[in-house]
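In what follows, a single structure is set out as structure tokens and then discussed.
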Amino acid sequence: MAEHTTIGQRAVLVGIAADQRELAACQTSLDELERLLNTAGGEAFARMVQVRASYNARTCIGSGKVAELAELCKNEDIHLAVFDFDLSPSQIRNLEDDLSDVRVIDRSMLILDIFALHATSGEGKLQVELAQLKYTAPRLTGHGTELSRLGGTIGTRGPGETQLEIDRRHMKRRIDALEAQLAEMESTRATMRAARDRSGIPKVAIVGYTNAGKSTLLNYLTDAGVLSEDKLFATLDPTTRRLDLEEGESLLLTDTVGFIRKLPHHLVKAFRSTLEEAAYADILLVLIDATDAEGEEHLGVTEQLLEELGAGDKPILYVFNKCDRVPELLEADNRREDTVYISAATGEGVDTLLSRLLTIVRQEKRRVRLCFPYTEQGRVSAVYHYGAVENLSYEEHGVVMDVILDKRGLGVFRDFLDERDRLPETEEDDDADYL
Numbered sequence: 075m076a077e078h079t080t081i082g083q084r085a086v087l088v089g090i091a092a093d094q095r096e097l098a099a100c101q102t103s104l105d106e107l108e109r110l111l112n113t114a115g116g117e118a119f120a121r122m123v124q125v126r127a128s129y130n131a132r133t134c135i136g137s138g139k140v141a142e143l144a145e146l147c148k149n150e151d152i153h154l155a156v157f158d159f160d161l162s163p164s165q166i167r168n169l170e171d172d173l174s175d176v177r178v179i180d181r182s183m184l185i186l187d188i189f190a191l192h193a194t195s196g197e198g199k200l201q202v203e204l205a206q207l208k209y210t211a212p213r214l215t216g217h218g219t220e221l222s223r224l225g226g227t228i229g230t231r232g233p234g235e236t237q238l239e240i241d242r243r244h245m246k247r248r249i250d251a252l253e254a255q256l257a258e259m260e261s262t263r264a265t266m267r268a269a270r271d272r273s274g275i276p277k278v279a280i281v282g283y284t285n286a287g288k289s290t291l292l293n294y295l296t297d298a299g300v301l302s303e304d305k306l307f308a309t310l311d312p313t314t315r316r317l318d319l320e321e322g323e324s325l326l327l328t329d330t331v332g333f334i335r336k337l338p339h340h341l342v343k344a345f346r347s348t349l350e351e352a353a354y355a356d357i358l359l360v361l362i363d364a365t366d367a368e369g370e371e372h373l374g375v376t377e378q379l380l381e382e383l384g385a386g387d388k389p390i391l392y393v394f395n396k397c398d399r400v401p402e403l404l405e406a407d408n409r410r411e412d413t414v415y416i417s418a419a420t421g422e423g424v425d426t427l428l429s430r431l432l433t434i435v436r437q438e439k440r441r442v443r444l445c446f447p448y449t450e451q452g453r454v455s456a457v458y459h460y461g462a463v464e465n466l467s468y469e470e471h472g473v474v475m476d477v478i479l480d481k482r483g484l485g486v487f488r489d490f491l492d493e494r495d496r497l498p499e500t501e502e503d504d505d506a507d508y509l
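Note that the sequence shown covers residues 75 to 509 in my numbering.
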């Protein structure tokens, strides 16, 4: 079945539903694919969905649907078909042969195109290029011997190699060079993270599904000036700004790249250093678009990716954004302690958000005094990896350090806490003693 939009003749979206019960989910996924296409500068002219239990090995969709798609593209002068799932190199080649003069791309290729469009930093551009090369390399196709370096004149003798092989060898060298450059940048990023760790200022990452309003929230709280658009993947490069709370508390707030369902594995790998901002954070703000009917599913995608990144055990504050469009949420009385409702565009509910953040920050760290006997002096240097050292002195009985530690650091150095800072036994006292 094909569904036509009213305006535009740019691309046909193609999806497959396993059975009739999966049609609604398939259409929802195509809705998102259409938004991706719009973000990339394209426009969907029609959708084509086939119900079949398994993919056709040669072209994914059946031969009849391929013929129908070819006819539609020919009649409407369409030269792009976007498939809502990954295609193998041979499937792309077979489809383009059958469709004639129609370029075939899949969901991953479209996302890569958007990433290339929105990458602004040097690291972001390198990450995009690396992901594109790794995805494109196995999809290179040649034209037999017509591009071969075979001949009988000087410089062309010997076994030779096809142009395809030259292209692949060049791509391999470029991939190696990009990985080396990114490894060097990751070392720099690790140094910056270490500096943030030594500062003792809690690190908060804003994470969530793409277009949930993460950049808008960062801009509202810190005047960061980050690009904020109603588009998917408007932000690729993480931005960190300092946010001062009440009572002298501060934190470092980082905007991160958005998540999306069916995020290609090679993209996760290429952008791992960027995505890991969430893993290195002390607290996570998980943003959910309160106006999106798929919000619950988007939250599931976010939580799954956080688990894969090793950030699933972080303190989490769930933030339902865009509530100015759903006013009843802002007036709700039955709010859980780990959930707030805000509008990053208007600022409604942000005071509650900041109050909850302050509570979490105070729960997560304490200012304590550590006393190391000289027989344990070797452990002093380890303290710097766990917290911010405010003062160090060498006393008659050992090394004394005034330091701000989170719960992890408190557990590691529990045995060296000054008597007055011994961790209370009861949870009630424990809450009272945290900053």
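C-beta atoms are modelled at their ideal positions from N, C-alpha and C, and glycine is treated no differently. The structure presented is a predicted model; accordingly, all values stated were derived computationally and were not measured.
Around the Cβ of residue 447, are there at least 16 other Cβ atoms within 10 angstroms (buried) or fewer (exposed)? Translated into the one-based positions of the sequence shown, residue 447 becomes position 373. So residue 447 ends up on the exposed side.
Rounded to whole angstroms, what is the Cα-Cα separation between residue 393 and residue 168? Counting from one through the sequence shown, the residue named residue 393 turns up at place 319. Counting from one through the sequence shown, the residue named residue 168 turns up at place 94. Near 46 Å, if we compare the C-alpha coordinates of residue 168 and residue 393.
Would you call the CB atoms of residue 444 and residue 387 closer than 9 Å? Within the sequence shown, numbered from 1, the residue matching residue 444 stands at position 370. Within the sequence shown, numbered from 1, the residue matching residue 387 stands at position 313. Cβ atoms of residue 444 and residue 387: not closer than 9 Å.
Let me see if you follow: with CB-CB separation under 9 Å, is residue 129 close to chain C or not? Judged by its chain identifiers, the structure shown contains no chain C, having just a single protein chain.
Can you tell me the Cα-Cα spacing of residue 103 and residue 119, whole angstroms? As a first step, residue 103 is located in the sequence shown; it is residue number 29 there, counting from the start. As a first step, residue 119 is located in the sequence shown; it is residue number 45 there, counting from the start. CA-CA distance, residue 103 to residue 119, rounds to 16 Å.
Please determine, among 417, 372, 326 and 135, the residue with the shortest C-alpha to C-alpha distance to residue 431. For the purposes of this step, residue 431 is identified with residue 357 of the sequence shown, where counting begins at 1. Comparing Cα positions, the closest option is 326.
Would you list the residues sitting across from residue 277 in a DSSP beta bridge? As a first step, residue 277 is located in the sequence shown; it is residue number 203 there, counting from the start. Partner residues in the beta bridge of residue 277, as assigned by DSSP, are 326.
What separation, rounded to the nearest whole angstrom, lies between the Cα atoms of residue 455 and residue 481? As a working mapping, residue 455 is identified with position 381 in the sequence shown. As a working mapping, residue 481 is identified with position 407 in the sequence shown. Cα to Cα, the separation comes out at about 18 Å.
Can you list, in chain order, the stretches of the alpha helix (DSSP H) that have 4 or more residues and sit fully within the region 355 to 384? Entirely contained in the region 355 to 384, the alpha helix (DSSP H) runs reaching 4 residues are, in chain order, 369 to 382.
Can you round the beta-carbon distance between residue 97 and residue 125 to whole angstroms, since I take them to be within the 8 Å contact cut? For the purposes of this step, residue 97 is taken as residue 23 along the sequence shown, with counting starting at 1. For the purposes of this step, residue 125 is taken as residue 51 along the sequence shown, with counting starting at 1. Between residue 97 and residue 125 a beta carbon distance of about 7 Å is seen, short of the 8 Å cut, so the two are scored as contacting.
For residue 295, collect the residues of the same chain with a Cβ closer than 6 Å to its Cβ; drop the 5 residues on either side in sequence, then sort them by chain order. The residue labelled residue 295 in the question sits at position 221 within the sequence shown. Around residue 295, the same chain offers 317 as residues with beta carbons nearer than 6 Å, after the five sequence neighbours per side are excluded.
The beta strand (DSSP E) spanning residue 87 covers which residue range? Mapped onto the sequence shown, residue 87 falls at position 13. Counting along the chain, residue 87 sits inside the beta strand (DSSP E) bounded by residues 85 to 91.
Looking only at its own chain, which residues have a Cβ that is under 7 Å from the Cβ of residue 423, when we skip the five neighbours before and after it? By 1-based counting over the sequence shown, the position of residue 423 is 349. Here residue 423 has 397, 404, 414, 415, 416 and 417 as same chain residues with Cβ atoms under 7 Å from its own Cβ, once five neighbours each way along the sequence are excluded.
Counted within 10 angstroms of its Cβ, other Cβ atoms place residue 285 as buried (16 or more) or exposed: The residue labelled residue 285 in the question sits at position 211 within the sequence shown. With 16 or more Cβ atoms within 10 Å of its Cβ, residue 285 is classed as buried.
Please work out which residues of its chain come closer than 6 Å, Cβ to Cβ, to residue 206, disregarding the five sequence neighbours upstream and downstream, and give them in chain order. Here residue 206 is taken as the residue at index 132 of the sequence shown, counted from 1. Listed in chain order, the non-local C-beta contacts of residue 206 below 6 Å within the same chain comprise 186, local neighbours out to five positions each way being set aside.
Run through DSSP, which three-state label would residue 189 get? Your numbering for residue 189 matches position 115 in the sequence shown. Per DSSP, reduced to three states, the secondary structure at residue 189 is helical.
Straight-line CA distance for residue 334 to residue 204? Taking the sequence shown and counting its residues from 1, the one referred to as residue 334 is at position 260. Taking the sequence shown and counting its residues from 1, the one referred to as residue 204 is at position 130. Those two C-alpha atoms are separated by around 20 Å.
Got a sec? Which residues, its chain only, sit under 7 Å from residue 191 by beta carbon, not counting five neighbours each side? The residue you call residue 191 lines up with position 117 of the sequence shown. If we look at residue 191 and ignore the five residues flanking it on each side, its Cβ neighbours are 114.
State the CB to CB distance for the pair residue 279 and residue 330, rounded to an integer number of angstroms; the pair is presumed to be in contact (CB under 8 Å). Here residue 279 refers to the residue found at position 205 of the sequence shown. Here residue 330 refers to the residue found at position 256 of the sequence shown. With 8 Å as the limit, residue 279 and residue 330 qualify as a contact, their Cβ atoms being about 6 Å apart.
Apply the 10 Å Cβ neighbour rule to residue 108 and answer buried if 16 or more other Cβ atoms are within range, or exposed otherwise. Locating residue 108 in the sequence shown gives position 34, where the first residue counts as 1. By the neighbour-count rule (16 or more Cβ atoms within 10 Å), residue 108 is buried.
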